[in-house]
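Visitor: Structure in structure tokens, see below.
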Amino acid sequence: MDHQQQQQQQISDQFDTKKSESEEKHSSNYAPYPKLDPKDVGPFPSMAAATNQEKWGTFVMETQSGDASTNRPQKQESWNSDWAREAPFPKNSSIAMPPESSPYVSSAPAPSTSSSIKDKMEGVRDALGRWKQKVGETSKKAENLAGNMWQHLKTAPSVADAAMGRIAQGTKVIAEGGYEKIFRQTFETVPEEQLINSYACYLSTSAGPVMGILYLSTAKLAFSSDSPLSYKTGDKTDWSYYKVVIPLHQIKAAIPSASKVQPAEKYIQIISVDKHEFWFMGFVNYDGAVMNLDDALQGRNLQSV
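In terms of UniProt numbering, the sequence shown opens at residue 1 and continues consecutively.
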């Protein structure tokens, strides 16, 4: 058994304990993994007319339970450059490594914290300030972004932790030279492969929602967690990034859906040809993700004809 297989076995062995610890931290109403009930299937007005019915199969999904926190009024926050001054890149202590077994799932060791994102903060604060100014120039876009971002942050078990994680991820992207470079550093690519777009979102797992970035390229759909997830190796706690890679030719269907109780809660269900399912949620740019994924799958189908 090689090292990676041993690591996956250790993760699986420790999951039951981690899952119990994670459940204790959440209220009885917390439902991290959405379940689809056939009787809740219905039209999805915002996308039904714009997408290919055969490919997308529109329906509305109802989550397991209502979360009282979703009834809170939306709170708008203004940018403060001090946020970036001392924002470390956090390890996700609230979510353990999920035990899902799938040929599309893998993990990557977390790097040493000796060269943390905090060391690069000074060089990116000016760029963040310019970003804020550009957003402010178009008030409508800024308003929509604020609403989407608030929904994105509410998806996490902790809004505060999610906000700090998103700030840290944003500074990392600027410091590393953009999503294109991060994509090629994180995943294996072929020379002709091009990144179409990237989307901040969550991957739903049995251990809870995992915050990260969903990358759509001309060859694959790939997700990587923003921060490392924990797992036990004996008495030692190790950390690894959680990754999912699905080649476009392995995607059977991509299905948009929304909660009946909270229409702002939108999902994209990915089903592979070998019947593995992945749920993505909490998108900052949901409509863009749906349209670009639809275009990518249409292009794939045309090439296969």
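Beta carbons: idealized from backbone N, C-alpha and C, even for Gly.
1) Going by alpha carbons, who is nearest to residue 333 out of Ser230, Tyr215, Lys232?
2) So Val159 is in the alpha helix (DSSP H); what residue range does that whole segment cover?
3) Which one of Ala168, Ser206, Tyr199 has the shortest CA to CA distance from Gly282?
4) Taking DSSP as the reference, what is the three-state secondary structure of Asn285?
5) Ile271 and Ala253 look like a contact to me (Cβ under 8 Å); what is the Cβ gap, rounded to whole Å?
6) Could you confirm whether any beta carbon from chain C is found closer than 8 Å to the beta carbon of Trp279?
7) List the whole-angstrom C-beta distance separating Tyr202 from Thr155, where the pair is believed to meet the contact cut-off of C-beta under 8 Å.
8) What's the C-alpha gap between Pro34 and His276?
9) If you reduce the DSSP assignment to three classes, tell me which class Asp235 lands in.
10) Rounded to a whole number of angstroms, what is the C-alpha to C-alpha distance between Asp226 and Asp295?
11) Give me, in chain order, the residues of the same chain whose beta-carbon lies closer than 8 Å to that of Gly288; leave out the 5 immediate sequence neighbours on both sides.
12) Leaving out five residues on either side along the sequence, give the residues of the same chain with a beta carbon under 8 Å from the beta carbon of Ala219.
13) Taking 8 Å as the cut-off, decide whether the C-beta atoms of Ile251 and Leu195 are in contact.
14) What separation, rounded to the nearest whole angstrom, lies between the Cα atoms of His152 and Leu229?
15) Distance check for Met149 and Ile174, CA to CA, integer angstroms please.
16) Ends of the alpha helix (DSSP H) at Gln185?
17) Less than 8 Å between the C-beta atoms of Val290 and Pro256, yes or no?
18) Give me the residue from Gly170, Trp239, Met164, Leu221 with the minimum Cα distance to Phe187.
19) With burial defined as no fewer than 16 other Cβ atoms inside 10 Å of the residue's Cβ, what is the status of Gly178: buried or exposed?
20) So, helix, strand or coil for Ala84, using DSSP?
21) Output the distance between the C-alpha atoms of Ser206 and Ser240, rounded to the nearest integer angstrom.
22) What are the boundary residues of the beta strand (DSSP E) that Leu221 is part of?
Guide: Result, derived from the coordinates:
1) For residue 333 there is no data in the structure shown, the boundaries of the chain being 1 and 305.
2) Counting along the chain, the alpha helix (DSSP H) containing Val159 begins and ends at 159-176.
3) Among Ala168, Ser206, Tyr199, the Cα nearest to that of Gly282 is on Tyr199.
4) DSSP places Asn285 in the coil class of the three-state scheme, outside both helix and strand.
5) Going by Cβ atoms, the distance from Ile271 to Ala253 rounds to 5 Å, so yes, they are a contact pair.
6) No chain C is part of this structure, which consists of one protein chain only.
7) Tyr202 to Thr155, Cβ: 5 Å. Contact.
8) Caution applies to Pro34, whose pLDDT of 48 falls short of 50 and renders its modelled position unreliable; the model cannot decide the point.
9) Coil, per DSSP.
10) Rounded to the nearest angstrom, the two C-alpha atoms are 26 Å apart.
11) For Gly288, where only same-chain residues beyond five positions count, the Cβ hits under 8 Å are Asn197, Tyr199.
12) So the qualifying residues of the chain are Thr189, Val190, Glu193, Pro247, Leu248.
13) Leu195 sits away from Ile251, with the two beta carbons spaced by 8 Å or more.
14) The C-alpha of His152 lies about 19 Å from the C-alpha of Leu229.
15) In a straight line, the C-alpha of Ile174 is about 19 Å away from that of Met149.
16) Unbroken alpha helix (DSSP H) run through Gln185: 179-186.
17) Result yes, Cβ atoms of Val290 and Pro256 sit closer than 8 Å.
18) Ranking the options by Cα distance to Phe187, first place goes to Leu221.
19) Exposed, by the Cβ-count rule.
20) Summary for Ala84: the model assigns pLDDT 39, below 50, so the residue's position carries little reliability, and this model does not support an answer.
21) Taking the straight line from one Cα to the other gives about 17 Å.
22) Leu221 -> beta strand (DSSP E) spans 220-225.
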